[in-house]
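A.B. asks:
Protein chains in written order, with the working numbering: chain A, 92 to 403; chain B, 92 to 403.
Printed below as a string of structure tokens:
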């Protein structure tokens, strides 16, 4: 039996682990495997996802792992077009992640289907916004996380968020082993969201080179940058950069002040040296390809051993 | 009774907390109060400290907290002149911190007086250097730390270091509450080094404005920069920047590429807007002036409560 927390009790899952809704990487197979292993996988519906893609991938996830799954959406993107929210709710997820923006306009619609709203926050100011919006769970996402995130480190941010709210809190950013999960639960979190540690799993989607690049990378081989958003014409609000593996593209263009058109011309998603591999500082802890279910089970089992050492 | 670890057993201290050897801030009074509260305070002997200063401050620390104290030195500075190591060893500390550089030339001299050598490391590569040098304890120091540090976040770095070594490990960087201490001990660390959370204590030395600036600052109000070293002609190796509170000086000069002479002219340690206040991301958790002893006792007691919750 793994560690029981508010999260496992409320969602009826076995281990307090969410699989991060990584746009372009977390499809139905990954989501299903995370849920089958006892956690809860979240489908990563990027801004450019379609309602059909969501339906197809959810069917795959359900086929593998059952009904305990979630769907992640970018709040700022819903502000332009909320069709993906309708598409997500039609699938009856247990959890909807509304992150990066103010979720207030969308929270009631999620609650109407009986799902929980979770929001990633990067500062205490973000926490106040999502609390006012009525979310059910906050995820303190530190700057070590892969993909779009803030700048404050997971450990200090988690302490701040736990002291500042009575909502259930999860931690995200730099958690890739049972040690990391044990740490955040000991601090008072109800669980962790893991992302980078799943990216070397064969169940992820996306470019083939991403896995080998991640496995070869160390924890110092990432950069927090906006150049990939600019190169791909993704209108992310400027306060959120993305943490990605360094490559020739970031070496040349990060902080170079180039125009978006110039970046778009230089970018090539088919070329490992020029395409983006979003990944966090947990890259240094990912050293081989491992099935996602094994990753989830190992992290949970190791965390349980660590947390029960201090029994008196 | 607080949490017992290798650290408390080996040093005969009550709580697994080191007070960071903050150059220019951690003098004898702070060191003595940390040790009197059950931890182990380390005197911060900056490059510009003198043997007389070390002797005077150690006498103060002993008068308050007894013989359980340590002294911190910058390894790179010893490479030019190791007189401060002799001065430190003459005081018979329990612990000598040899950080930021290769401690190999100095480890035997510390062992000869029966003291432990601890080294802060910022990467796994650093770990291999200090392991080869024969240190007794490594401190995984994350990028959230105040003052000179590396760039990898405490949580991922700590997981990496714990997986990579059989030496006892402490964590540093962003730990300012019992939640933070519980987290790193649950992960497998033998304790934590705390710095920023002590800086609002009346027992610190340094400019009067530093305390109020720190109390007013949030976790996002720091910057990792080398401009203060350049302005003060401190020959720190370029791989270590210092995390400090943002102010007018960093707003104008950080990453501006100015010459050292120009920075030196612009710098004014007597002016809060232009002087340096080294502080970590734990700044957001420091909201009032508190005696150092109370800080240490509160962190230890809170951590114990958190860690013993999972008894079966």
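By construction, the Cβ of each residue, glycine as well, lies at the ideal position given by its N, Cα and C atoms.
Whose Cβ in chain A lies nearer than 7 Å to the Cβ of residue 373 of chain B?
C.D. replies: 247
A.B. asks: Pull up the CB-CB distance for residue 129 of chain B and residue 152 of chain B, whole angstroms please, since I reckon it's below 8 Å.
C.D. replies: So it is not a contact: roughly 15 Å between Cβ atoms.
A.B. asks: Taking the continuous alpha helix (DSSP H) assigned at residue 303 of chain A, which residues delimit it?
C.D. replies: That run of the alpha helix (DSSP H) goes 300-307.
A.B. asks: Taking the straight line between their C-alpha atoms, what separation do you get for residue 123 of chain A and residue 109 of chain A?
C.D. replies: 12 Å
A.B. asks: If we count the other Cβ atoms within 10 Å of its Cβ and call it buried at 16 or more, is residue 183 of chain B buried or exposed?
C.D. replies: exposed
A.B. asks: Could you name the residues of the region 359-389 of chain A whose beta carbon sits closer than 7 Å to any beta carbon of chain B, in the order they occur along the chain?
C.D. replies: 372, 373, 375, 376
A.B. asks: Going along chain A in order, which residues have a C-beta closer than 7 Å to the C-beta of residue 310 of chain B?
C.D. replies: Within 7 Å Cβ-Cβ: 243, 247, 248, 251.
A.B. asks: Output yes if chain A places a C-beta closer than 9 Å to the C-beta of residue 294 of chain B; else output no.
C.D. replies: no
A.B. asks: If the cut is a Cβ gap below 7 Å, which residues of chain B does residue 275 of chain A touch?
C.D. replies: 274
A.B. asks: From what residue to what residue does the alpha helix (DSSP H) around residue 276 of chain A run?
C.D. replies: Annotation: the continuous alpha helix (DSSP H) that includes residue 276 of chain A extends over 269-278.
A.B. asks: Does the contact criterion of 3 or more C-beta pairs under 8 Å hold for the region 263-277 of chain B versus the region 323-335 of chain A?
C.D. replies: no
A.B. asks: Going along the chain, which residues of the region 203-220 of chain A sit with their C-beta nearer than 8 Å to a C-beta in chain B?
C.D. replies: 214, 215
A.B. asks: State the CB to CB distance for the pair residue 383 of chain B and residue 281 of chain B, rounded to an integer number of angstroms; the pair is presumed to be in contact (CB under 8 Å).
C.D. replies: Contact flag wrong, Cβ pair sits at about 21 Å.
A.B. asks: What number of angstroms, rounded off, separates the C-alpha of residue 345 of chain B from the C-alpha of residue 316 of chain B?
C.D. replies: 6 Å
A.B. asks: CA-CA distance, residue 305 of chain A and residue 368 of chain A?
C.D. replies: Computed Cα separation, rounded: 8 Å.
A.B. asks: For a quick check, are the C-beta atoms of residue 291 of chain B and residue 381 of chain B less than 9 Å apart?
C.D. replies: yes
A.B. asks: Does the region 190-206 of chain A come within contact of the region 164-172 of chain A, defined as at least 3 CB pairs closer than 8 Å?
C.D. replies: yes
A.B. asks: When we look at the beta-carbon of residue 240 of chain B and count the other beta-carbons within 10 Å, is it buried (16 or more) or exposed?
C.D. replies: buried
A.B. asks: Residues of chain B with a CB under 9 Å from the CB of residue 319 of chain A: which are they?
C.D. replies: The premise fails here: residue 319 of chain A is roughly 20 Å from chain B at the closest Cβ pair, so nothing lies under 9 Å.
A.B. asks: By the criterion of Cβ-Cβ separation under 8 Å, what are the contact partners of residue 283 of chain B in chain A?
C.D. replies: Ordered by position in chain A, no residue passes the 8 Å Cβ test against residue 283 of chain B, which lies about 10 Å from the chain.
A.B. asks: Pick out whichever of B:325, B:335, B:297 has its Cα sitting closest to the Cα of residue 309 of chain B.
C.D. replies: B:335
A.B. asks: Following the continuous beta strand (DSSP E) through residue 335 of chain A, name the residue where it begins and the one where it ends.
C.D. replies: 332-336
A.B. asks: Taking the alpha carbon of residue 127 of chain A as the reference point, which residue from A:400, A:388, A:392 has its own alpha carbon closest?
C.D. replies: A:388
A.B. asks: Please name the residue in B:399, B:142, B:322, B:379 whose C-alpha comes closest to that of residue 353 of chain B.
C.D. replies: B:322
A.B. asks: Can you list the residues of chain A that residue 94 of chain B reaches, using a CB-CB cut of under 9 Å?
C.D. replies: 401
A.B. asks: With DSSP collapsed to three states, give me the class of residue 239 of chain B.
C.D. replies: Residue 239 of chain B: strand per DSSP, three-state reduction.
A.B. asks: Name, please, each residue of chain A whose Cβ falls closer than 7 Å to the Cβ of residue 234 of chain B.
C.D. replies: 244
A.B. asks: Please compile the residues from chain A whose C-beta is within a distance smaller than 8 Å of the C-beta of residue 391 of chain B.
C.D. replies: Contact of residue 391 of chain B with chain A by beta-carbon distance below 8 Å is absent, the smallest such distance being about 13 Å.
A.B. asks: Taking 7 Å as the limit between beta carbons, can you name the residues of its chain near residue 386 of chain A, skipping five residues before and five after?
C.D. replies: Cβ-Cβ distances below 7 Å link residue 386 of chain A to 288, 289, 292 in the same chain, with the five nearest sequence neighbours on each side left out; the list follows chain order.
A.B. asks: In chain order, what residues of the same chain have a beta carbon less than 8 Å from the beta carbon of residue 131 of chain B, not counting five sequence neighbours either side?
C.D. replies: 102, 104, 108, 109, 110, 125, 159, 160, 161, 185, 186
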